[in-house]
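Below: one structure, written as C-alpha cells.
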Amino acid sequence: MKYKFTLHFIKSILLFSLLTLISCSDGNLSSGSNDTEITIVEYDDTDFEPTDWTEATHSNDVDPNYDEVFEDNTVKRIDIVVDSERWEAMLSDMYNLYGSFGTSSRPGGITDSDEDPIFVPAEVFYKDTEWYRVGIRFKGNSSLQSSWSAGIMKLSFKLDFDEFEDTYPQIKNQRFYGFKKMSLKNNYNDESMIREKVSSDIFRNAGVAASQTAFYTLYVDYGEGPQYFGVYTLVEEVDDTVIDTQFSNNDGNLYKPDGTGASFASGTFSEDVFEKKTNEDLEDWSDIESLFTALHADNRTSDPESWRENLDSVFDTDTFLKYLAVNTVIQNWDTYGRMTHNYYLYNNPDTGLLTWIPWDNNEALQTGNQQGSLPLNFSGLSTSSWPLIGYMYSDDVYRAKYDAYVKETVNNYFKTSDMQTLYTNYASLLESYATSEEDGYTFLNNSSDFQNAISTLKSHVDQRASAVSSYLN
Numbered sequence: 001m002k003y004k005f006t007l008h009f010i011k012s013i014l015l016f017s018l019l020t021l022i023s024c025s026d027g028n029l030s031s032g033s034n035d036t037e038i039t040i041v042e043y044d045d046t047d048f049e050p051t052d053w054t055e056a057t058h059s060n061d062v063d064p065n066y067d068e069v070f071e072d073n074t075v076k077r078i079d080i081v082v083d084s085e086r087w088e089a090m091l092s093d094m095y096n097l098y099g100s101f102g103t104s105s106r107p108g109g110i111t112d113s114d115e116d117p118i119f120v121p122a123e124v125f126y127k128d129t130e131w132y133r134v135g136i137r138f139k140g141n142s143s144l145q146s147s148w149s150a151g152i153m154k155l156s157f158k159l160d161f162d163e164f165e166d167t168y169p170q171i172k173n174q175r176f177y178g179f180k181k182m183s184l185k186n187n188y189n190d191e192s193m194i195r196e197k198v199s200s201d202i203f204r205n206a207g208v209a210a211s212q213t214a215f216y217t218l219y220v221d222y223g224e225g226p227q228y229f230g231v232y233t234l235v236e237e238v239d240d241t242v243i244d245t246q247f248s249n250n251d252g253n254l255y256k257p258d259g260t261g262a263s264f265a266s267g268t269f270s271e272d273v274f275e276k277k278t279n280e281d282l283e284d285w286s287d288i289e290s291l292f293t294a295l296h297a298d299n300r301t302s303d304p305e306s307w308r309e310n311l312d313s314v315f316d317t318d319t320f321l322k323y324l325a326v327n328t329v330i331q332n333w334d335t336y337g338r339m340t341h342n343y344y345l346y347n348n349p350d351t352g353l354l355t356w357i358p359w360d361n362n363e364a365l366q367t368g369n370q371q372g373s374l375p376l377n378f379s380g381l382s383t384s385s386w387p388l389i390g391y392m393y394s395d396d397v398y399r400a401k402y403d404a405y406v407k408e409t410v411n412n413y414f415k416t417s418d419m420q421t422l423y424t425n426y427a428s429l430l431e432s433y434a435t436s437e438e439d440g441y442t443f444l445n446n447s448s449d450f451q452n453a454i455s456t457l458k459s460h461v462d463q464r465a466s467a468v469s470s471y472l473n
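473 is the number that this note's numbering gives the last residue of the sequence shown; the numbers go up by one with no jumps.
In C-alpha cells form, the structure reads like this:
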C-alpha cells in the first residue's frame, strides 16, 4: 500500500491532556487509573489540500457505488492511518469504559454503557487513494468488550467520512464512493468469518430490507507501520444508505431500539428505549406508541379480525412475519425474542407503517448461546414478554403466513444445495486471508479452526432443512 502523506500532516500534533495514561509499545493499554480523562485541546493539522478528491470517489453528488464498495466474491483491502497520540487516546478511552486491555477487570463481566467510544480523525486509503480526516472509533457492545477483555486488538470500527468537517472545511460532505458512514465488523465469535455477510444477503434475497456487506482485509498504521488486523466484514449503515436505497422515501422516523421496552411487553414503552436516528429534533414517538396500543388491544382474542386490521394499519406485519420466518429458520439468538436489541424500525412514509430491519447478524446461523435460538414453533417463549412473536404466532391468520414464509425460506433463500455451494466458494475465497491472521489480532486458535467452522455451517444447513420438514409436517 502506497501512503500519500503531506509534510504538514506528518508534522501535525494533536494536543491531549491525558491523566494517568500508561501504554505499551504495541499500542495496547496495560494498566492505569479508572479516572483517566481525555481532553482534545486543538487540532494543528488543518492546513492541507485534499489532492485525491474527485467527484466519483469523495463527493456527495453521486449515488452510492455498491458495485465498487460492496462487491461480491472478492476480498478487498482498506488501510487506516492514525496519529500515534490519537490512537493512544482511543485506547485510553476504551480503558475508561471497559478497564484494562487483556483482563476482565470490571466486576460482573460485561459493562452496560450508553457511551460510545470517542471519534478521532484518521486517514483512510483504498486503491492508492486517500480519504482525509475520516472520523474513526471503535464500535460494538458485548463483542467489543469481550474482544478488548480477551486482549484481542481485532476490534470493530465505525467510519464517518465527514464527522470532522467543522474542523476541516476541506472535507465538507466527504463520502466514500457515495457512502457517509460504514462499519468494519470484526466477525466476533465467528471463526468462519462469513455469517454476517451470508445472513444479511439471505434477508435481502427474501425481500427484507438489510445492509449490504462485503469482505475486506484491514490494515491499521498507528505509528509503527501497517499492522494486519485481519478479515473484516464491511457493513452498510441503516441510518445512512439503507433507508435511502431500499425505501423510496427516507424522510420517516428511524429507531434503533435497545432496552426493556424494546420487547414490546405491555407497559414497558419508554422514549429513551426507542432512540431516534432520524428526525431527532421532533420529540414525537406517537408511531411507536400506536404500535404498543394496537398490539395490546383488548379485542385480540375476542375479535381477532379487527385486532389484525388495527395492527396492520400501523405495523408492516407481512415484513415482520417474513423476517421472523427467515430469522428462525437460519437461527439467530442475539435479537428479538431473546434480546432487546439488534433491529431497527423505520416508519415508511409511503405506507405509514413501521417496518422491521434486522441488524448485527454475526451470531446467526447457529444454535447460539444462553437459551439458544428460538424453535420454529416458539415453544417455551413467554408470550407476554415477547408479544410481537407470541401474539402474532397465536393468531391463525398470521401463523399461516409465517408457516408459508418458513417453507419459502428453505425452498428459495436457504436451500441446502445452494448454501453448501456458497459455503465452499467463500471458504476458498477467504482461507488464505483468514489463516494468515496474526496472534493478538485473531479469534482463531489455529488455522484448522476456519475450515472446521465452514464444515459446521454445512452441517447446520442440513439440520435446519430437517427441522423445517418436521415442523411443517
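Ideal Cβ placement from N, Cα and C applies to all residues, glycine included.
Under the DSSP assignment, K458 falls in the alpha helix (DSSP H) whose first and last residues are S448 to L472. Ranked by Cα distance from G178, the first of V406, D63, H296 and Y398 is D63.
For the pair of segments examined, the segment 464 to 473 was found to touch the segment 408 to 426: the number of CB pairs separated by less than 8 Å reaches three.
Note: Q170 is not bridge-paired with any residue in the DSSP secondary-structure output. Under DSSP, F315 shares a beta bridge with L354.
Counting the other CB atoms within 10 Å of its CB gives T424 a total below 16, which places it among the exposed residues.
Rounded to whole angstroms, the gap between the alpha carbons of F269 and K158 is 29 Å. Bridge partners of I78 according to DSSP: L218.
Cβ-Cβ distances below 7 Å link T319 to V208, T355 and W356 in the same chain, with the five nearest sequence neighbours on each side left out; the list follows chain order. With respect to the C-alpha of Y433, the residue from D67, D47, D162 and R77 having the closest C-alpha is R77. Excluding five sequence positions before and after D240, the CB atoms of its chain that fall closer than 8 Å to its own CB belong to F179, K180, K181 and M182, given in chain order.
Judged by DSSP secondary structure, F292 falls within the alpha helix (DSSP H) whose first and last residues are S286 to L295. In this structure, the straight-line span from the alpha carbon of D79 to that of F215 is close to 14 Å.
Collapsing the DSSP output to three states places E437 in coil. For T57, the uninterrupted alpha helix (DSSP H) segment begins and ends at E55 to H58.
A Cβ-Cβ distance of about 12 Å is found for the pair I389 and L376, leaving them out of contact under the 8 Å criterion. By the neighbour-count criterion, in which a residue is buried when 16 or more other Cβ atoms sit within 10 angstroms of its Cβ, P117 is buried.
A straight-line Cα-Cα distance of about 33 Å links T367 and N253. Your pair E236 and Q212 checks out as a contact, with CB atoms roughly 4 Å apart and the cut at 8 Å.
Counting along the chain, I202 sits inside the alpha helix (DSSP H) bounded by residues R195 to N205. Residue pairing for G135: DSSP places it in a beta bridge opposite P121 and D160.
For E85, the enclosing alpha helix (DSSP H) covers residues S84 to Y98.
Secondary structure at L388: helix, using DSSP grouped into helix, strand and coil.
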